[in-house]
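**Student:** Residue 47 in our numbering sits at position 55 of the first sequence, and the numbers go up by one each step.
Yeah, the Cβ is synthetic: ideal placement off N, Cα and C, and Gly gets one too.
All of these numbers come straight from a predicted model, not from anything done at the bench.
Questions regarding the structure given below will be posed in turn.
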Amino acid sequence: MKKAAGRTGTRRRAPAKKLYRALFNAWGPQRWWPGRTRLEVIVGAVLTQNTAWGNVEKAIGRLRRADALSLPRLHALPLRQLEGLIRPAGYFRVKARRLRALTTMIVDRHGALPALFRLSTPDLRDELLRVNGVGPETADSILLYAAGRPAFVVDAYTRRFMTRHGWLAPKATYDETARALAGGLPRNVRLYNEFHALIVRLGKDCCRPRPLCGGCPLAPWLPRGGPRP
DNA sequence: CTCCGGACAT
DNA sequence: ATGTCTGGAG
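This is the structure we're talking about:
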């Protein structure tokens, strides 16, 4: 007997490896390294929450010009100044508090970044999730891009193309989304890194708010009747 | 579910 | 003028 798809489970099974190859063959490596240093990656992960990356670059540029891109300086920066510096990234009041909460966790509980990154991947993830303002996506972005751990990052683009192709129920949780894709892949940092970058490219170029399926590398996998709303 | 918010495409 | 952006908290 066939097992029914779970309430929030996938309807069809996403052929993760084939999808990756289709995207990579079409667009090649995206050469993503979202930051010059590990701290910069962490800062970027918070600033980019629901925010276009271009605005994040502006904010990080301002932090650099203010010479605030070291852990002690960033941590010592008065909250009001921090708010002003990251203003181009939007949500600047909440994000300033979130950055402060993060640097406080690192400095007070671990002293500095190397000690934090010495934690095991599960412990590091828990430690990040305890910080107010760090949710699963931000935590996994830091794990993958700053700490080099095999954490599969799920973002709005991931959910969008997965649900449109019928591989994911609209109500699926973060972890269900991650498993639906990463479940069919080897647990590999380089692969996760490249895959996420390609998915972002997909979301910007093809699987936009209004889908442009013509010429999309994933068009062969569209369900009958085209993409779902 | 609503709020947070400036920058940019449409 | 409206909609969206590599989310998360209350």
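Taking its Cβ as the centre, do 16 or more other Cβ atoms sit within 10 Å of Ser133, making it buried, or is it exposed?
**Tutor:** buried
**Student:** Evaluate Trp159 with the Cβ neighbour count: other Cβ atoms within 10 Å of its Cβ, from every protein chain shown; 16 or more gives buried, anything less gives exposed.
**Tutor:** It counts as buried.
**Student:** Suppose you measure from the CA of Tyr149 to the CA of Gly195; what does that come to, to the nearest Å?
**Tutor:** 5 Å
**Student:** Taking only runs of the alpha helix (DSSP H) that begin and end inside the region 62 to 128, which ones reach a length of at least 4 residues, in chain order?
**Tutor:** 63 to 68, 71 to 77, 84 to 96, 105 to 108, 113 to 121
**Student:** Just to confirm before moving on: does the CB-CB distance between Gly125 and Ala93 stay below 7 Å?
**Tutor:** yes
**Student:** To the nearest whole angstrom, what separates the beta carbons of Ala51 and Leu39, a pair I think is in contact under 8 Å?
**Tutor:** About 5 Å separates the two Cβ atoms, so the contact holds.
**Student:** State whether the region 73 to 87 contacts the region 97 to 107, with contact taken as three or more CB pairs (one from each stretch) at a distance under 8 Å.
**Tutor:** no
**Student:** Quick one: using the 10 Å Cβ neighbour count with 16 as the cut-off for buried, is Asn185 buried or exposed?
**Tutor:** Asn185 counts as buried, since at least 16 other C-beta atoms from the protein chains shown sit within 10 angstroms of its C-beta.
**Student:** Indicate the three-state DSSP secondary structure (helix, strand or coil) for Lys50 in the structure shown.
**Tutor:** Three-state result, Lys50: helix.
**Student:** Comparing the CB of Pro80 with every heavy atom of the ligand GTP, is any distance shorter than 6 Å?
**Tutor:** This structure lacks the ligand GTP; in fact it carries no ligand of any kind.
**Student:** Secondary structure at Pro209, three-state DSSP: helix, strand or coil?
**Tutor:** coil
**Student:** Find the nearest neighbour of Pro178 within the set Met154, Arg151, Phe144, Glu168, judged by alpha-carbon distance.
**Tutor:** Phe144
**Student:** To the nearest angstrom, how far is it from the Cα of Cys199 to the Cα of Trp213?
**Tutor:** 13 Å
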